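Heads up: the sequence shown runs through residues 4 to 305, numbered per the working numbering.
From the three backbone atoms N, C-alpha and C, an ideal C-beta is built for every residue, glycine too.
Keep in mind the model is a prediction, meaning the values are calculated, not measured.
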Amino acid sequence: MVRRIDVTGINGARLAAWEFADPPKPSGGPAGSAPGADPGHAPAVLLLHGLMGRASHWAPTARWLAERYRAVALDQRGHGRSDKPAEGPFTRDAHVSDAEAAVEQLGLGPVTLIGHSMGALTAWQLAAKRPDLVRALIICDMRASALGAASQREWESWFRAWPVPFATLADVRRWFGEDDPWVEHPTPARGEFYAEVMAERADGWRPVFSRRQMLRARETWVHDAHWDELAQVRCPALVVRGIDGELGRAEAQEMVRVLPLGQYAEVADAGHLIHYDQPEGWRAAIEPFLDSVRRGDHAPGA
């Protein structure tokens, strides 16, 4: 069961948050004693997708989380069902403030933040800004180093190469999973990932986001390093990388070293879309950390 809850972001942007919950189960005991039966009093998790993603990409993760947590995924501005304001803003401050608004307006704090790629950067910047709102943090395949102008130019070229509109969803899956020049070997999960962010128009299938807005959002973080904010995160934090992802082992381990309460995990046979293309390996990587946070193993004196 999934329900939409609207959140008001900065500049009045309407953001779509999606709360995942199991249907009520008979407990055989007092009302509310079944696992997950009282999500209002369960510890909360907020899931933040990456650039071009959407909340629905978290659905497999959110469904198992909902057995024990209040699990909410946010469509960030410019993405999914959230507003796509023509003039933005699409700054780092805007994304962090939107996530902050979601935590406060939905009463999620202190929350565990789980972010992928750009969403992970938003998560650790929020944890640094508002330690009172964040209980723990999971960073999924996001670098702390500056990527630079060359990286931004590559993205501009890549976006121009998209053969939009696509005639069918099968064409979307084939291009992103096989024909895209950025694909080293056929990756069906990647094709499915991008199929989820397409919508049918009069002339064919097009992305639900503006590629121009995606570049504007990326421009606000790609040139800078983010080590300082990482060092300001005081809650328990887990850095997860796919073996074939964009975050290298050396940088991931340096991020763990910089984090005051950092831990490390990696997922075999996974690329950048760890949680999407290797859901079982992803769960095995993060569930022990979530359990330890729930037990309070990281509390002072623990």
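So, with DSSP's three-state summary, where would you put Gln-155?
helix
*For Arg-84, name the three-state secondary structure that DSSP assigns.*
coil
Please go through the same chain and pick out, in chain order, the residues whose beta-carbon is closer than 8 Å to the beta-carbon of Trp-224, but skip the five residues on each side of it. Arg-95, Met-121, Leu-124
Notebook entry, point to check: For Gly-12 versus Asp-101, is the C-beta spacing smaller than 7 Å?
Noted result: yes
Taking buried to mean at least 16 other C-beta atoms within 10 Å of its own C-beta, is Ala-160 buried or exposed? The sequence as given places Ser at residue 160; Ala does not occur at that position. Flag for Ser-160 reads exposed.
Q. Ends of the beta strand (DSSP E) at Thr-64?
A. First-last for Thr-64: 62-68, but that is the alpha helix (DSSP H), not the beta strand (DSSP E).
Mind checking which residues open and close the beta strand (DSSP E) that includes Thr-11? 5-11
Taking three-plus beta-carbon pairs below 8 Å as touching, is the stretch 163-170 in contact with the stretch 126-144?
no
Check: Going by C-alpha distance, which of Leu-264, Ala-16, Tyr-72 is nearest Asp-78?
Finding: Ala-16
Using alpha carbons as the reference points, say which of Ala-287, Phe-196, Ala-65, His-119 lies closest to Pro-210.
-> Phe-196
Problem set entry | Coil, strand or helix - Arg-17 by DSSP | strand
* Check Ala-102 in the structure and name its three-state DSSP category. => helix
Using CA atoms only, rank isn't needed, just tell me which of Arg-146, Arg-177, Asn-14, Asp-272 is closest to Ala-89. Asn-14
- In whole angstroms, what is the alpha-carbon distance linking Gly-31 and Ala-240? For Gly-31, the predicted model reports a pLDDT of 41, less than 50, meaning its position is unreliable and no value from the coordinates is stated.
Return helix, strand or coil for Val-175, following the three-state DSSP convention. helix
Note to self: Taking the alpha carbon of Leu-276 as the reference point, which residue from Pro-184, Val-10, Ala-126, Pro-191 has its own alpha carbon closest?
What the structure shows: Pro-191
So that I know if they touch, is there some Cβ in chain D lying closer than 7 Å to that of Glu-22? No chain D appears in this structure, which consists of one protein chain only.
Which one of Ala-47, Arg-237, Glu-222 has the shortest CA to CA distance from Gln-155?
Glu-222
Review point. Quick one: what does DSSP say Val-230 is sitting in, helix, strand or coil?
Key: Just to set this straight, residue 230 is Trp in the shown sequence, not Val. Three-state result, Trp-230: helix.
(Q) Whole angstroms are fine: how far does the CA of Asp-206 sit from the CA of Arg-297? (A) 49 Å
Quiz item: For Val-261, which residues from the same chain have a beta carbon less than 8 Å from its beta carbon, with the 5 sequence-adjacent residues on both sides left out?
Solution: Ala-147, Trp-230, Leu-233, Ala-234
**OP:** State buried or exposed for Asp-272, treating a residue as buried only when at least 16 other CB atoms are found within 10 Å of its CB.
**Re:** exposed
* Under the DSSP definition of a beta bridge, which residues are partnered with Cys-143? -> His-119, Val-243
Going by the CB atoms, is the gap between Leu-50 and Ile-117 shorter than 7 Å? yes
#### Entry: Beta-carbon proximity check, Ala-268 vs Ala-253, cutoff 7 Å
no
Which residue marks the beginning of the beta strand (DSSP E) containing Arg-133, and which one marks its end? It is not in any beta strand (DSSP E) - Arg-133 carries neither H nor E in the DSSP assignment.
inquiry  = Checking the sheet assignment: what are the DSSP bridge partners for Tyr-267?
reply    = Val-242
**Study point:** Assumed close pair Trp-208, Met-201 - CB separation to whole angstroms, cut-off 8 Å
**Key:** 5 Å
Locate the alpha helix (DSSP H) running through Gly-284, then write down its first and last residues. 282-298
- Residues in its own chain within less than 8 Å of Val-175 by CB, not counting five upstream and five downstream? Phe-169, Gly-194, Tyr-197, Ala-198, Met-201, Trp-208
**Asked** Is His-82 closer than 7 Å to Phe-212 when the C-beta atoms are compared?
**Response** yes
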